[in-house]
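*Asks:* In the numbering used here, the protein residues as written are 122 to 244. Take this structure, written in structure tokens, and hold onto it; I'll ask about it next.
Okay, structure coming up:
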């Protein structure tokens, strides 16, 4: 596992109110074999992870979340993962960053995620 500069943000509907997930600075980044994992935890112990396919070409791609395989977006709360089952993830690879993108959708528990964004600086 390595740590790189960047950010991981999202707004989520949680227990009837909007929770703003914000991590700026160090993000965890690792090669997980069949994919790359980008993740972060905030000061409240909540986390977000983005699983990206190894075979992403340089440029911009758009993926439907909930399709079999990668990419995936997971919300982590108290050691349980809740993947987004519907929504869209847009990713840009290359240019002035390692990767960057936006996402939004609904997780398997019916929570809505909006305004999701991430950026991983070049190492």
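We put the beta carbon where it would ideally sit given N, CA and C, even for glycine.
So, does the stretch 231 to 242 touch the stretch 212 to 223, judging by three or more C-beta pairs under 8 Å?
*Replies:* As far as the Cβ criterion goes, the stretch 231 to 242 touches the stretch 212 to 223, which means the pair count is three or higher.
*Asks:* If you draw a straight line from the alpha carbon of residue 194 to that of residue 229, how long is it in whole angstroms?
*Replies:* C-alpha separation (whole angstroms): 11 Å.
*Asks:* For residue 151 and residue 123, which I take to be in contact (beta-carbon distance under 8 Å), what is that distance rounded to the nearest angstrom?
*Replies:* That pair is a contact at about 6 Å.
*Asks:* Helix, strand or coil: which one does DSSP assign to residue 126?
*Replies:* Strand.
*Asks:* Considering only residues of the same chain and omitting the five flanking positions on each side of residue 185, which have a CB-CB separation below 7 Å?
*Replies:* Correct list, in chain order: 209.
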